[in-house]
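Visitor: Dropping a structure here in structure tokens format, bear with me for questions.
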Amino acid sequence: MVEHLWAGWRMPYIRSTPEDQPVTIPDGMTLFEAILHSGQPDDETYILWRGEHSFALLNAYPYTSGHVMVLPRRGVPLLSDLTADEHRELWEGVRLATMAITAAYEPQGMNVGANLGRGAGAGFPDHLHVHVLPRWEGDTNFMTSVANVRVMPEALHDSWLRIRDAWPVA
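In short: position in the sequence shown from 1, add 111, done, that's this note's numbering.
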């Protein structure tokens, strides 16, 4: 398991209690639906894009800076649960995310994928989400290899600004 080495700006989150969390999850909603409908500004929820059926936001626990998730607005666990319109817009959102990440980070490659179900590694199996993240040759360095730690070089807010500013107009 890879550990994350977070910068000091993460300490308020670490010390927070459930009452301090910015989003309360109402009964019958998924975490991502609660974030989407929280009424909080996008720069606090890290929402990058809102479509009619889908939306995109930064991963709060990124594998690397610029780690975006694209989700249907409706909390469903499987691709087969999507309507045709949700399916089309979800994958359009993935395409837009790859374009924004490319413009913002100029990566050498990109990972795109979904973990469907807890057995596949889904941390939130009740709400399908597609991960889109930039990659570079050698982005696993001695910290990951020797210390089992990943260094996050950019604050989430800075990642949000960078990708939001690069998000293509649909």
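Note that the Cβ used here is the ideal one computed from N, Cα and C, for glycine as well.
(1) The alpha helix (DSSP H) with Met140 in it runs from where to where?
(2) Any contact between the segment 140-154 and the segment 203-215? By contact I mean 3 or more CB pairs, one from each, below 8 Å.
(3) For Asn170, which beta-bridge partners are listed by DSSP?
(4) Please state whether DSSP places Trp160 in a helix, a strand or coil.
(5) Residues bridged to Gly224 by DSSP?
(6) Name the two residues that bound the continuous beta strand (DSSP E) containing Val181.
(7) Residues in its own chain within less than 7 Å of Pro218 by CB, not counting five upstream and five downstream?
(8) Would you mind working out which of Thr175, Pro188, Ala225 sits nearest Trp202, comparing C-alpha positions?
(9) Whose C-alpha, out of Glu163, His164, Leu168, is nearest the C-alpha of Glu155?
(10) On the criterion of 16 or more Cβ atoms from any shown chain inside 10 Å, does Leu189 qualify as buried, or is it exposed?
(11) Measuring alpha carbon to alpha carbon, tell me which of Pro137, Ser191, Leu159, Val243 ends up nearest His268.
Guide: Straight from the coordinates:
(1) Position 29 of the sequence shown, counting from 1, holds the residue named residue 140. In this chain, Met140 is not harboured by any alpha helix (DSSP H), its DSSP state being neither H nor E.
(2) Pairwise C-beta distances place the segment 140-154 out of contact with the segment 203-215, as fewer than three of them are shorter than 8 Å.
(3) In the sequence shown, residue 170 corresponds to position 59, counting from 1. Answer is none; Asn170 lacks a bridge partner.
(4) Start at 1 with the first residue of the sequence shown, and residue 160 comes out as number 49. In the three-state scheme derived from DSSP, where H, G and I count as helix and E and B as strand, Trp160 is classed as strand.
(5) Here residue 224 is taken as the residue at index 113 of the sequence shown, counted from 1. For Gly224, which the question treats as bridged, DSSP gives the partners His242.
(6) Residue numbering aside, residue 181 sits at position 70 when the sequence shown is read from its first letter. Segment 179-183, the beta strand (DSSP E) holding Val181.
(7) Position 107 of the sequence shown holds residue 218. Ile212, Pro245, Arg246, Trp247.
(8) The count along the sequence shown starts at 1 and reaches residue 202 at position 91. Shortest Cα-Cα distance from Trp202 to any of Thr175, Pro188, Ala225 involves Ala225.
(9) One-based indexing of the sequence shown puts residue 155 at position 44. Looking at the Cα atoms, Leu168 is the closest of the given residues.
(10) Working through the sequence shown from its first residue, we reach residue 189 at position 78. That one is exposed.
(11) Looking up residue 268 in the sequence shown gives position 157. When each option's Cα is compared against that of His268, the closest is Leu159.
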